[in-house]
Amino acid sequence: MLATLVSFSRPKHHRKIPTEIVLFISRFDRITLILLFLSLYRQIEPINVNMDMQKKNNLICQYCEMELSSTSAKNRHVRTKHSDQDLGSTSQLPKRNKHIICPICNEATFSYHKDLIEHFTGVHNIAIKESTLYFRNFNEFTVWRAMENREVDYACLTGRKYPDGEEKKIYDCNRSNSKGYVSSAKKRGLKAGGSIRIQGKCPSRIVVKISANGSVTANFVETHVGHIDELRTKRLSKAEQSAIVGQLKAGVSIDRVIEDSKIIKNDKLGRINLLTRADLAYIIRKFKIDRRKDAESNGLFIDEPSTSQDEVFIQETKPDVKPITFEDEREIVIQEMNSFARGLDEQSFNEYAENFRKFKTDWERQNSEETFKEIKIEEPTFM
């Protein structure tokens with residue numbers, strides 16, 4: 001193991017490099033040494049201590065002096081932990097983007113969901129039905145959510161875990177436009193059937209709080225505003241997807257699955273009755289179903305023609321590569337150093353060349369060898 005101390009100076013207007021660098025490596029080759037010198041000379045700009053301290057101070061809560069990890073974390077901390085503080089006439093609470101749009105008037109915008117509900121009741125005279133439910137565990141909540149298609153009408157868009165073990169999840173109505181805007185940078189065209197999102201945000205949502213002991217409290221806003229109940233906007237439930245997966249894995253044909261799905265049960269039309277080939281293609285991709293393999297393992301026959309595939313054989317060959325000699329390494333090193341030097345002005349080049357001479361002298365004096373022999377920096381033509 002060889003330990004070497006390398007020291008050299010640098011011009012003030014160049015990027016800062018460490019003045020003393022201790023290297024612990026087992027073996028040096030010539031190209032590594034030169035590239036080492038270049039990498040030291042091109043070190044990134046050091047952190048400005050004053051700016052770093054100022055940034056750190058901006059992440060400290062002004063009320064409890066707690067240090068947060070980011071600006072967004074600090075803003076969230078102030079909103080949730082210090083909302084009862086007397087902030088005076090000009091609120092010091094961080095302002096939030098008003099991304100919530102009323103789906104009725106399309107003009108009123110809000111930052112918080114509770115403001116949207118107050119707008120519905122105060123301006124549009126809409127009674128919002130809201131209730132609080134309690135469950136012993138999350139499984140009980142899941143069973144409740146599966147009733148009345150609540151698992152297909154709502155989507156969990158946000159979730160958060162707290163240090164004390166509590167967890168919060170928010171299930172918004174799947175018709176809501178939670179972003180509050182339409183992206184102008186879409187790479188794909190709109191869907192042929194149109195988007196299921198409405199212009200605005202539906203107030204219906206389920207806010208779930210899971211305590212450290214596993215009990216669940218759910219705040220359920222049941223009233224929907226801004227849209228009607230349409231089957232085309234619903235998703236297949238997990239139970240319906242599982243039943244379809246079982247049929248496909250058993251070797252049932254796609255046409256037969258679609259035909260069976262048209263049977264109406266309990267005199268109630270459901271999303272499963274509108275099953276399409278696109279739905280089945282999505283399920284096959286989602287669950288990674290190899291229908292022929294699954295059917296053959298069950299001793300069944302799939303009544304669909306198989307598509308022939310061309311067999312491609314790829315033979316791996318090793319390229320005829322000649323070993324790199326010292327002369328090749330030296331040429332690479334010289335090109336790299338001179339390429340860097342050509343981008344410097346006259347003063348910078350002189351300091352750069354002087355630094356390299358000191359680097360070379362110190363190394364050869366400590367190691368008693370002419371490692372950098374015949375390697376020179378060409379002086380560029382200065383304007």
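Numbering (the UniProt record's numbering), first residue to last: 1 to 383. Positions of the beta carbon are idealized from the N, C-alpha and C atoms, including for glycine.
Alpha-carbon to alpha-carbon, residue j and residue i
i: A212; j: H119; result: 34 Å
i: D362; j: F349; result: 20 Å
i: C156; j: R256; result: 33 Å
i: Q315; j: N338; result: Because Q315 carries a pLDDT of 42, less than 50, the predicted location of this residue cannot be relied on, and the following value inherits that uncertainty. Looking at the two C-alpha atoms, the distance is approximately 41 Å.
i: L344; j: T158; result: 52 Å
i: Q62; j: K129; result: 39 Å
i: Y134; j: E140; result: 9 Å
i: E354; j: Q347; result: 11 Å
i: residue 385; j: R235; result: No answer is possible for residue 385: it lies beyond the span of the chain, which begins at 1 and ends at 383.
i: E259; j: T217; result: 41 Å
i: E240; j: I263; result: 13 Å
i: S69; j: V78; result: 13 Å
i: G122; j: I283; result: 44 Å
i: Y162; j: N266; result: 44 Å
i: W144; j: T80; result: 29 Å
i: C64; j: K98; result: 28 Å
i: Q335; j: R342; result: 10 Å
i: K200; j: K179; result: Note that residue 200 is Gly in the sequence shown here, rather than Lys. Their backbone Cα atoms lie some 9 Å apart in a straight line.
i: S242; j: I198; result: 30 Å
Same chain, Cβ closer than 7 Å to residue i, neighbours up to 5 away in sequence not counted
i: S261; result: I272, N273 and L275
i: A278; result: none
i: R202; result: Checking the displayed sequence, the identity of residue 202 turns out to be Cys instead of Arg. Once the five neighbours on either side are set aside, the close Cβ partners of C202 are P103, C173, R175, S176, H224, V225, G226 and H227.
i: G165; result: A212
i: S204; result: C173, V221, E222, T223 and H224
i: F287; result: V245
i: E230; result: none
i: E67; result: L59 and I60
i: I210; result: F138, E166, E167 and V216
i: K74; result: L59, C61 and L68
Beta bridge counterpart(s) of residue i as assigned by DSSP
i: E67; result: I60
i: E171; result: Residue identity check: residue 171 is Tyr in the sequence provided, not Glu. Note: Y171 sits in a beta bridge opposite C156 and I206.
i: E130; result: V221
i: T80; result: Answer is none; T80 lacks a bridge partner.
i: K161; result: E167
i: T109; result: I101
i: F356; result: BP columns for F356 are empty, so no partner.
i: V216; result: F135 and I210
Start-to-end residues for the beta strand (DSSP E) that takes in residue i
i: T233; result: Run containing T233: none; DSSP gives neither H nor E here.
Neighbourhood of residue i by C-beta distance below 8 Å, restricted to the same chain and skipping five residues each side
i: T71; result: N58 and L59
i: S215; result: Y134, F135, R136 and N137
Host alpha helix (DSSP H) of residue i (start-end)
i: L281; result: Per the sequence shown, the amino acid found at residue 281 is Ala instead of Leu. Its alpha helix (DSSP H) spans residues R277 to K286.
i: D115; result: H113 to G122
i: A146; result: F138 to A146
i: R256; result: I254 to S261
Cβ shell of residue i (< 6 Å), same chain only, five flanking positions each side left out
i: V207; result: I170 and N219
i: A108; result: C102 and H119
i: G270; result: none
i: V152; result: K234, R235 and S237
Exercise for the section: Tell me, please, whether the segment 247-266 touches the segment 170-179 by the rule of three or more beta-carbon pairs shorter than 8 Å. Expected result: Because the criterion of three Cβ pairs below 8 Å is not met, the segment 247-266 and the segment 170-179 do not touch.
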